[in-house]
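Trainee:
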Amino acid sequence: MDKDISQAVISRLPRYLRYLGELKDKNVERISSSELSVLMKVTASQIRQDLNNFGGFGQQGYGYNVDYLYSEISKILGLEHQYNFIIIGAGNLGKALGGYLNFEKRGFILKGMFDKNPDLIGTEVRGVKVMPMEEVPAFIKANNIDIAVLTIPKEGAVLVAKVLVENGIRAIWNFAHVDLDVPEYVQVENVHLSDSLMKLSYNISSYMESNKDKEQ
Ligand code: NAI
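All residue numbers for the sequence shown refer to the working numbering, where the first residue is 629 and numbers rise by one.
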């Protein structure tokens, strides 16, 4: 696979997958780029350009085979694998993520949760127990854990990430508001929901600004 695919394209692929998944559920077998364009509200040329990064998948006069495109995009996103993950920080956010069933459908399997608060040890989310932090290293090794989700405050996150990496974690989904200092081979995806909210705020204000005259 071409390694130079832009992150912008990669970030659009999950949306294609979502729409294709819905088409699959409705037993739609094929779709043209223009039909997909109407559905997804993006231009047909954007769709063709995006999918051409991976060799196209479409056929002139036929469009795209929904099942095939779905499984190829899944492969590109690495979703044909199963990933085991743990959550560090069983507070509000950790519990909400742990309780979300759809991750499992995509092949992300929650194996364990950890917290430093003794009151939370032994509590469960969907049958998965919260364990003490001392058990993290042995647990990672015994359960082939691929991904750690960090839902703890920024103060402890850098140190916890170090321990995770030392014990074999190669990917971190980081919700703590701090940049982690990890070796290059460790994949980190930082999530800041407030960034998305600020984008929304920007769009509200710029929409109001550009429509000011019309409303008067
Ligand atoms: P919370 O206070 O409900 O949960 C935090 C949990 O982490 C607690 O159970 C606490 O005992 C545990 N914890 C703290 N330090 C720890 C450590 N060193 N090792 C193990 N466990 C530790 O907070 P909430 O609402 O779940 O948020 C968690 C963190 O995520 C917060 O720091 C918050 O700023 C951040 N956050 C980030 C968001 C984002 O979009 N990136 C969105 C919401 C929250």
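Backbone N, C-alpha and C fix where the C-beta goes; we use that ideal spot for every residue, glycine too. Computed from a prediction, not measured in an experiment: that's the story for all the values here.
#1: Thinking A804 and V814 are a contact (beta carbons under 8 Å), I'd like their distance in whole angstroms, please.
#2: Given this structure, state the Cα-to-Cα distance separating D630 from P746, to the nearest angstrom.
#3: V666 to I659, Cα distance in whole Å?
#4: Please go through the region 710-761 and give each complete alpha helix (DSSP H) segment of 4 or more residues, from N-terminal end onward.
#5: I'd like to confirm something about I714: is its beta-carbon nearer than 7 Å to some heavy atom of the ligand NAI, or not?
#6: What's the C-alpha gap between G918 and G755?
#7: Using the Cα positions of P642 and E700, report the straight-line distance between them to the nearest angstrom.
#8: The ligand NAI heavy atoms versus the CB of I780: any closer than 7 Å?
#9: My guess is that L748 and A718 are in contact by the Cβ rule of under 8 Å, so how many angstroms apart are they, rounded?
#10: Quick check: does the Cβ of L738 come within less than 7 Å of any heavy atom belonging to the ligand NAI?
#11: For the ligand NAI, I want to know if D850 counts as a neighbour, meaning its beta carbon is within less than 7 Å of at least one of the ligand's heavy atoms.
#12: DSSP on G691, reduced to helix/strand/coil?
#13: Taking the Cβ atom as the reference point for each residue, do P811 and V791 lie within a distance shorter than 8 Å?
#14: Which whole-angstrom value describes the C-beta separation of N712 and N772, a residue pair presumed to lie in contact below a C-beta threshold of 8 Å?
#15: What does N818 pair with, by DSSP beta-bridge criteria?
#16: Would you give the residue range spanned by the alpha helix (DSSP H) that L611 belongs to?
#17: Could you tell me whether the Cβ atoms of I768 and I716 are closer together than 8 Å?
Mentor: Once the coordinates are examined:
#1: Here the question's residue 804 lines up with position 176 in the sequence shown. Here the question's residue 814 lines up with position 186 in the sequence shown. About 15 Å separates the CB atoms of A804 and V814; that is not less than 8 Å, and the two are not in contact.
#2: To locate residue 630, count along the sequence shown from 1; it is residue 2. To locate residue 746, count along the sequence shown from 1; it is residue 118. Unreliable placement is indicated for D630, whose pLDDT of 49 sits below 50; the coordinate value is still reported in the next sentence. One C-alpha to the other measures close to 47 Å.
#3: On the sequence shown, position 38 is the one that residue 666 refers to. On the sequence shown, position 31 is the one that residue 659 refers to. Distance between the alpha carbons of V666 and I659: 11 Å.
#4: Counting only runs of 4 or more, we get 720-726, 730-733.
#5: On the sequence shown, position 86 is the one that residue 714 refers to. Distances between the C-beta of I714 and the heavy atoms of the ligand NAI are all 7 Å or more.
#6: Given that the chain is displayed from residue 629 to residue 844, the structure contains no residue 918 and the question cannot be resolved.
#7: Stepping through the sequence shown from its first residue, residue 642 is reached at position 14. Stepping through the sequence shown from its first residue, residue 700 is reached at position 72. P642 and E700 have their C-alpha atoms some 12 Å from each other.
#8: As a first step, residue 780 is located in the sequence shown; it is residue number 152 there, counting from the start. Yes, the ligand NAI has a heavy atom inside 7 Å of this Cβ.
#9: Stepping through the sequence shown from its first residue, residue 748 is reached at position 120. Stepping through the sequence shown from its first residue, residue 718 is reached at position 90. That pair is a contact at about 5 Å.
#10: Here the question's residue 738 lines up with position 110 in the sequence shown. Of the heavy atoms belonging to the ligand NAI, none sits nearer than 7 Å to the Cβ of L738.
#11: The structure shown does not extend to residue 850, since the chain is modelled only from 629 to 844, so the question has no answer here.
#12: As a working note, residue 691 is residue 63 in the sequence shown. Residue state, collapsed to three classes: strand.
#13: The residue given as residue 811 occupies position 183 in the sequence shown. The residue given as residue 791 occupies position 163 in the sequence shown. No, these two residues do not count as a Cβ contact at 8 Å.
#14: Taking the sequence shown and counting its residues from 1, the one referred to as residue 712 is at position 84. Taking the sequence shown and counting its residues from 1, the one referred to as residue 772 is at position 144. With 8 Å as the limit, N712 and N772 qualify as a contact, their Cβ atoms being about 6 Å apart.
#15: In the sequence shown, residue 818 corresponds to position 190, counting from 1. N818 is bridged to N802.
#16: Lying before the first or after the last residue shown, residue 611 is absent from the chain, which here runs from 629 to 844.
#17: On the sequence shown, residue 768 is found 140 positions in, with the first residue counted as 1. On the sequence shown, residue 716 is found 88 positions in, with the first residue counted as 1. Not closer than 8 Å, so no.
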